Amino acid sequence: MITSARIRDDLRPAGLDWITCLRAPAIQALAQDDGPLQFSLFDERNLAEISAPDMFPGERLIVCRNRDLADERARKREDLLVATERELTQVQERVGRKNSRLKSAADIGMAVGAVLNRKKMAKHFDVEVADAYLSWQRRFEQIDEEARLDGVYVLRTSMPAEHLDAAEVVQAYKDLSRVERAFRSLKTVDLEIRPIRHWTAQRVRAHVFLCMLAYHVEWLLREALAPLLFHDTELNAARAERISPVAKTEPSEAAKTKKATNRSTDGHRVMSFAGLIAHLGTLTRNTMRLPLRPKHRFTLYTKPTSLQEAAFKLLDLNPVRVQ
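In my numbering, the protein residues as written are 3 to 325.
Below, the structure written as structure tokens:
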């Protein structure tokens with residue numbers, strides 16, 4: 003979402019700072035032989051800060067290399083290469099059949115193009131097509147060039163170092179997952195911001211504002227009710243134990259135990275946020291009336307379950323008093 007055009011036209015005029023990630027072509031440009039991104043930076047670390055004043059004047063660049071991510075990308079690429087070769091072999095066998103309809107160069111090219119487009123591997127193969135003929139080979143130099151950048155990503159930010167150091171920039175960018183979860187909750191999971199049944203700009207803005215306000219309330223509820231949810235309540239401690247923010251954060255032992263037993267440390271049943279809210283909704287207030295005294299009414303509350311009592315204690319409220 004944050005492109006160079008958005009930075010130039012929207013963020014800078016508004017005086018806003020940003021953190022974004024460079025695309026592959028920009029990273030390749032930085033990793034040229036005479037570029038600022040040299041792989042010797044990662045000999046003893048997986049995080050470094052560089053500058054490229056010609057390409058990104060006045061901005062900071064934080065380069066990271068995740069070895070686990072590199073291994074995963076290499077595995078996926080090899081799987082796709084093998085799968086592509088398997089399907090190309092099937093096309094080649096069809097071409098070689100005696101009574102095959104796949105003989106013209108145009109038809110063979112369409113069949114090959116369908117395979118390469120489906121697997122997104124066209125850039126890694128040299129294909130030769132003619133009438134009743136098909137051959138291919140891998141572009142090993144191109145594959146090696148791409149593999150050189152496996153696990154490497156570069157963060158671009160305007161935030162001054164005195165506000166966020168390199169490690170904090172990386173963690174802030176990885177916290178993008180929280181923003182993505184908020185968008186999912188707003189759009190589909192909890193609040194369903196659409197359809198917007200308003201037709202004037204002012205009312206649309208008011209509708210969106212109310213949905214964002216509702217999500218803020220939800221976020222506060224999730225934070226308060228975390229011990230009764232599947233949330234990792236010791237996430238900050240787990241992050242502190244990492245060697246580098248580039249490394250993956252492993253769940254804490256408390257989170258693993260909670261997930262394995264479906265129980266909190268206090269022995270309460272652990273639920274999803276939606277499930278817990280639905281359970282709290284079963285606590286009701288009943289207005290009672292006696293047949294012999296029809297004008298006399300009194301209020302009777304259902305007895306809260308132990309889970310409801312624990313939840314309201316975490317929220318620091320008495321549901322009876324807020325009726």
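We put the beta carbon where it would ideally sit given N, CA and C, even for glycine. All values reported here derive from a predicted model rather than from experimental measurement.
Query	Result
Exposed or buried, Lys121, counting other C-beta atoms within 10 Å across all chains shown (16 or more means buried)?	buried
Which two residues bound the contiguous alpha helix (DSSP H) that contains Phe275?	275-282
Examine chain D for any beta-carbon lying closer than 7 Å to the beta-carbon of Pro15, and answer yes or no.	Going by chain labels, chain D is absent from the structure shown, which holds only one protein chain.
Any chance the region 94-104 sits against the region 133-144, with 3 or more Cβ pairs inside 8 Å?	yes
If contacts are defined as beta-carbon pairs under 8 Å, then Leu316 and Leu227 qualify, I think. What distance do you get, rounded to the angstrom?	6 Å
Please name the residue, chosen from Phe185, Thr5, Tyr303, that lies closest to Gly283 on a Cα-to-Cα basis.	Tyr303
State the DSSP-derived secondary structure class of Met290, mapped to helix, strand or coil.	strand
Among all the DSSP beta bridges, which residues are the ones paired with Gln139?	Asp128
Pick out whichever of Leu215, Ala7, Pro306, Val248 has its Cα sitting closest to the Cα of Asp70.	Val248
Is the separation between the beta-carbon of Thr66 and that of Leu43 shorter than 7 Å?	The question names Thr, but residue 66 in the sequence shown is Cys. Result no, Cβ atoms of Cys66 and Leu43 do not sit closer than 7 Å.
Please name the residue in Arg196, Ala169, Ala242, Met214 whose C-alpha comes closest to that of Val181.	Met214
Scan the region 172-227 and note each continuous alpha helix (DSSP H) run of 4 residues or more that stays entirely inside, going in chain order.	178-186, 203-226
For Ser308, tell me which candidate among Thr301, Asp268, Ala16 has the shortest Cα-Cα distance.	Asp268
Taking the CB atoms as reference points, tell me whether Ala256 and Glu236 lie closer together than 7 Å.	yes
Please report the Cβ distance between Arg224 and Leu231, rounded to the nearest whole angstrom; I am assuming they are in contact, meaning their Cβ atoms lie under 8 Å.	7 Å
Taking 7 Å as the cut-off, decide whether the C-beta atoms of Ile110 and Val131 are in contact.	yes
Here's the rule: buried if 16 or more other CB atoms are within 10 angstroms of the residue's CB, otherwise exposed. What is Ser179?	exposed
Per DSSP, what are the beta-bridge partners of Thr343 in this structure?	With the chain running from 3 to 325 in the structure shown, residue 343 is simply not present.
Per DSSP, which residues does Phe300 bridge with? Please list them.	Met290
Name, in chain order, the residues that DSSP records as bridge partners for Val156.	Val65
Looking at the secondary structure, which residues open and close the alpha helix (DSSP H) in which Glu255 lies?	255-263
Please state whether DSSP places Ile145 in a helix, a strand or coil.	helix
What is the DSSP secondary structure of Arg271, counted as helix, strand or coil?	strand
Is the beta carbon of Arg158 less than 7 Å from the beta carbon of Thr22?	yes
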